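Worksheet: the structure to be examined is printed underneath.
Residue numbers (this note's numbering), protein chains in the order written: chain A, 335 to 1219; chain B, 20 to 128.
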């Protein structure tokens, strides 16, 4: 407090301070003189001696001022004021610097918002760091993650000593029945302790309690904030309202707060006792009936490693107790990961790569501005010399220059913060494809703090580099003030080094972007194994009840028969899913166990699994997936009384039946109770995205009772109109059968490539930005060099040098610098692009074509950048040039 | 100037000023005179260091300045120790005694 008031007095009561200081020193001086006189000196001599002893009054006063804290602030303000004046006097320079920095800092701000929001921000739950996700895997059977069964959950929940609770979660689609419409709601089925484990308190009403989960308990629902707002118009009296669902009245007991939902966004939540499948006695008893995700919360003071060890013991005991289920050969394992890491795993590499990329953009911008700054320093030399002659210390002048560079950087930072939100909207959409945390991306205090620190740091880096690396400039400043035009060798070397650095940074980015583009082009050239154009798919959902497995099976035939009469429809089939289904892209292939007849598994051999799809006859014909051997499914195969048949794809045939003919072999999914004969081999289809190699697939014919909900239709060309007519036709069959997720397979394919497309786009943009920055850097340095060599060029031209040789001279200098940068950049890029390997498809991180193309592109750009200053050089009038100075 | 000039160790001037002000408030001139007198002219404080030091100590809140009339009825800027200054003096004295004791032991042997 005292200190503050002292600073205040120094800054704002300055007259008084100065008066007192002068009076104090005069008093001392007079006393000294009096003392001298008392010792017998004459008055003149006494005063003279006192003056000698006391020393220079002004210097002493300044030393006293320096002892004050306020002085420091005063000088800073002076520097800032002076800096602003100087920058305003050179609007071109300031604008160029601020713009360059704004691009660099803006890009960094946007990407950092993304990285912070997704990877770093604490989860928006109470003690989010305690939350863990459990996973089971059987790595030796190539199953990296499989869901939990009720039995497994109850084992882990009751036997562990490290978790406060284990919560379960799975999703279902149910029909919410309104007056005369049926609406699909994404429903999360959770254990009663789910919200307690996550630490979520309801906005309205309450969350689940144990009684809600008891068998035969009341049917209750909790709405998500989003659903409550969009579908129930935020009705404040929603608690207690009753909806029809699964043919039962369900009453709303609560609404969640507006938080991001994990692991997925859902419309409504219900307890496990209300899910018809989850609550059936048969499912509960089946240790192999797996569909749930499991979460836990660490007890206070317990770390992840302890929990992992604890769970591993339970898992090992389980495997011992049920050797027939957890085969030793499968390598069964239980894993626990922090929830935050688990949710953001898929985004991490990409985001960190982007952060690195924008870091290089900023470095290039820094080098560019440092060069501009250095160029301006040259013009300032005379002024600096004068100021230093007038007594300004070296430290003071350096501080002045540093203040200017930091001012520029902060200006650039402010402009960058203004630019960043433009990019952020696109980026959040991008992030949303990998993680539900995308909703948490925003520019808030931590992000702004980051930007501020980056700005100031940038200012110091580019301001200090020119000043420090040209030591002794004060001495030379005098000489140069006299003899202008002979730039110090050290500084022109530094300028060249900065250009080389800029080019190198840009080359690294161009290499990365080039690889991404090449990889993306390769992805687009992949043949998916079927013909996606004009294929329309939609999801069909009959309510069960009123439909039963038997009547739903009949519905499949009725729907297909009805649709085939829609004008334009070429063929139609139903299946459990379709190629490039977004849900499938996210989850990957399933792992269903099966055995092959006559091939007993030796002990020690892992379980064999495959992705399976169930289809109606006509599916292969509809999507035009070729049958390469054997036959396709017939209508006959889909009769309940027919013998079971399956078709496998080429990958499965190759992996499991190498050297033998699979056709005629039999497989079973229930340990040998029922067998199905392999009747054909279908061509491989890139079911999980064109950049994913085909997995082993078994296609089964829909037999007996049951329902499969994906309609796949080959339309005549007007996909949209026909889709509308198809929906109308189904509605006509039964208005309570909901149809949704209507899309063309082409669109799904396009969407499946959205992540690499976006990544390629972003890297391309950033690389282009860096290229632009370094091109302008080359041009600026060349222009400066031309203006410095005006006299030399003038002499050369006066002596008859042709214009071409002058242009060549300037070009040569620029090209040499660029070449040096290209060599350095290519070398660094070759080491760094390894980090991209996981994102590249069919492209080596050191792809020769890409690395060969970049120097060409760059040299071209550099030549153009040099050409402008070169032309300027030829327009120098020898007479004017020689008269200068 | 001084017959046997003893260079002041870094920070020692602060201690001398604080100690001198411990007895009574004093103006700058008084401080130089007192130090010279007590040290029997071994220590002569240069005005060029005294006044910046006084301002620095004031800025740190160890001494406080006020205007008063001096013995010959002239207005002068007086300095006095604050509570924090007294605490600082105790600490500095202690460390000085430790240091000078150590130096004396080494030099004495």
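All residues carry an ideal CB built from backbone N, CA and C; glycine is no exception.
Small disclaimer: the values here were computed from a predicted structure and weren't measured.
| Item | Value |
| --- | --- |
| Length at least 4, wholly inside the segment 473-558 of chain A: the alpha helix (DSSP H) runs in chain order | 484-493, 528-532 and 544-547 |
| Close-in-space but distant-in-sequence residues of the same chain around residue 380/A (CB under 6 angstroms, 5 per side omitted) | 367, 370 and 371 |
| Every unbroken alpha helix (DSSP H) within the segment 369-426 of chain A, with a cutoff of 4 residues, ordered by chain | 377-388, 391-400 and 403-423 |
| Extent of the continuous alpha helix (DSSP H) run through residue 1250/A | As displayed, chain A neither begins before 335 nor continues past 1219, which places residue 1250/A out of reach and without an answer. |
| Span of the beta strand (DSSP E), counted from its first residue to its last, around residue 1033/A | 1031-1035 |
| Identity of the residue in 470/A, 1076/A, 1097/A and 953/A nearest residue 1220/A by Cα | Because chain A spans 335 through 1219 in this model, residue 1220/A falls outside it and cannot be assessed. |
| Unbroken alpha helix (DSSP H) run spanning residue 1099/A, endpoints | 1088-1122 |
| Simplified DSSP assignment, three categories, for residue 462/A | helix |
| Three-way DSSP call (helix, strand, coil) for residue 934/A in this model | coil |
| Alpha helix (DSSP H) segment containing residue 115/B, residue limits | 102-127 |
| Candidates 922/A, 1031/A, 1180/A and 889/A: closest to residue 942/A by CA position | 1031/A |
| Residues near residue 479/A by beta carbon distance below 8 angstroms, same chain, minus five either side | 469, 470 and 471 |
| Spatially closest choice to residue 89/B from 119/B, 105/B and 43/B, by CA coordinates | 43/B |
| Distance CB(residue 351/A)-CB(residue 695/A) smaller than 7 angstroms | no |
| Whole runs of the beta strand (DSSP E) within the segment 67-105 of chain B, excluding any shorter than 3 residues | 82-88 and 94-100 |
| Within-7 angstroms CB hit, residue 99/B to chain A | no |
| Own chain, CB closer than 8 angstroms to residue 856/A, minus 5 neighbours either side, in chain order | 1175, 1176 and 1177 |
| C-beta atoms of residue 772/A and residue 765/A nearer than 7 angstroms | yes |
| Any C-beta of chain A under 7 angstroms from that of residue 44/B | no |
| Minimum C-alpha distance to residue 587/A - residue among 493/A, 573/A, 398/A and 444/A | 573/A |
| Boundaries of the alpha helix (DSSP H) in which residue 1056/A is found, first to last residue | 1053-1067 |
| Residues near residue 917/A in its chain [Cβ-Cβ closer than 8 angstroms; skip 5 each side] | 911 |
| Backbone CA spacing between residue 102/B and residue 124/B [nearest angstrom] | 33 angstroms |
| For residue 994/A, the first and last residue of its enclosing beta strand (DSSP E) | First-last for residue 994/A: undefined, no H or E at that position. |
| Classification of residue 1115/A by the beta-carbon crowding that lies within 10 angstroms, buried from 16 upward | buried |
| Sub-7 angstroms separation of residue 896/A and residue 1067/A beta-carbons | yes |
| Inter-residue Cα distance where the pair is residue 705/A and residue 785/A | 22 angstroms |
| Residue 1021/A burial status per 10 Å Cβ neighbour count (16 or more: buried) | buried |
| For residue 816/A, the three-state DSSP class (helix, strand or coil) | Interpretation of residue 816/A is limited by its pLDDT of 46, a score under 50 that renders its predicted location unreliable; no figure is taken from the coordinates. |
| The segment 924-944 of chain A touching the segment 996-1004 of chain A, judged by at least three CB pairs closer than 8 angstroms | yes |
| N- and C-terminal bounds of the alpha helix (DSSP H) containing residue 677/A | 673-723 |
| contact_flag[the segment 825-839 of chain A, the segment 1070-1089 of chain A] where n(CB pairs < 8 angstroms) is 3 or more | no |
| Chain-ordered neighbours of residue 96/B on chain A, where CB pairs are closer than 8 angstroms | 354, 357, 358 and 361 |
| Best match in 1056/A, 1010/A, 957/A and 974/A for proximity to residue 1017/A [C-alpha to C-alpha] | 957/A |
| Limits of the unbroken alpha helix (DSSP H) element including residue 939/A | Segment: none, residue 939/A is in no alpha helix (DSSP H) and carries neither H nor E. |
| Residue 1080/A, DSSP secondary structure in three states | helix |
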